[in-house]
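For the sequence shown, the positions run 1 to 161 when our numbering is used. For every residue, glycine included, the Cβ atom is placed at its ideal position computed from N, Cα and C. Single-structure report; data block below.
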Amino acid sequence: MTSQTPETPGPAEPVPSRFGQPLATLRPTNTGPFTDPAVTESFYDAVGGHETFVKLVDAFYEGVAGDEVLRPMYPEDLGPANERMRMFLEQYWGGPGTYSEQRGHPRLRMRHAPFTVDFDARDRWLAHMHAAVKSLQLPPLYEDTLWDYFERAAHTMVNSL
Numbered sequence: 001m002t003s004q005t006p007e008t009p010g011p012a013e014p015v016p017s018r019f020g021q022p023l024a025t026l027r028p029t030n031t032g033p034f035t036d037p038a039v040t041e042s043f044y045d046a047v048g049g050h051e052t053f054v055k056l057v058d059a060f061y062e063g064v065a066g067d068e069v070l071r072p073m074y075p076e077d078l079g080p081a082n083e084r085m086r087m088f089l090e091q092y093w094g095g096p097g098t099y100s101e102q103r104g105h106p107r108l109r110m111r112h113a114p115f116t117v118d119f120d121a122r123d124r125w126l127a128h129m130h131a132a133v134k135s136l137q138l139p140p141l142y143e144d145t146l147w148d149y150f151e152r153a154a155h156t157m158v159n160s161l
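In structure tokens form, the structure reads like this:
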């Protein structure tokens, strides 16, 4: 008797999602420099690259600028925080590694430890980020993927009751 195994998609074949769109295929990490044209783009590229992350982070900080709870956690000039968040998100989603080159390991919990992040702050952060994600008008798969990450990340930042 022979054992039959179901066929699995190869690394260059798009994986269908529940939304009917292919998921972005991750670049192989064990083959050296990226040279395989059959491998699809990163999530960063799929959602529009640098311009999309600029829009996302700018929209987020527009909300933070008027928030009486979150605004005091930032220095007077929001520009540097905006740039750091954009670089971090670009790197996280498969874009340039500028964040780590300039700042080292992200260490998000450590970097946020000096601030009181309670449930109210988390919820306000999420509200501003949700509005920013919605403003991008991405396809549902990409919007849901971003939002899932932001929800999980925000919950891990809570350090006060």
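- By Cβ distance, which residues of its chain are closer than 7 Å to Ser-100, with the 5 residues on each side in sequence left out? Gln-91
Exercise for the section: Output the distance between the C-alpha atoms of Phe-60 and Gly-104, rounded to the nearest integer angstrom. Expected result: 24 Å
Checklist line | Any alpha helix (DSSP H) of 4 or more consecutive residues that is wholly inside the stretch 95 to 143 | finding: 98 to 103, 108 to 112, 119 to 135
How big is the Cα-Cα spacing for Met-129 and Phe-43?
18 Å
Have a look at Met-85 and Pro-139 and give me their C-alpha separation to the nearest angstrom.
22 Å
Going by CA-CA distance only, name the one from Val-133, Leu-161, Gln-137 that's closest to Glu-151. Ranking the options by Cα distance to Glu-151, first place goes to Val-133.
- Message: So Phe-88 and Pro-106 are supposed to be a Cβ contact under 8 Å. How far apart are they, rounded?
- Response: Right, the Cβ-Cβ distance comes to about 6 Å (below 8 Å), so this counts as a contact.
Margin query: I'd like to know if the stretch 144 to 158 and the stretch 120 to 127 are in contact, where contact means that at least 3 CB-CB pairs between them fall below 8 Å.
Written below: yes
In angstroms, rounded to a whole number, what distance separates the CA positions of Ser-160 and Leu-108? 16 Å
Exercise. Out of curiosity, what's the CA-to-CA distance linking Phe-115 and Asn-82?
Worked result: Per the coordinates, the alpha-carbon of Phe-115 lies some 17 Å from the alpha-carbon of Asn-82.
Euclidean distance between Cα positions of Val-57 and Leu-146
A straight-line Cα-Cα distance of about 12 Å links Val-57 and Leu-146.
Unbroken alpha helix (DSSP H) run spanning Pro-80, endpoints: DSSP places Pro-80 inside the alpha helix (DSSP H), whose first and last residues are 79 to 92.
| field | Gly-95, buried or exposed, once every other Cβ within 10 Å from all chains shown has been counted against 16 | value | So Gly-95 counts as buried.
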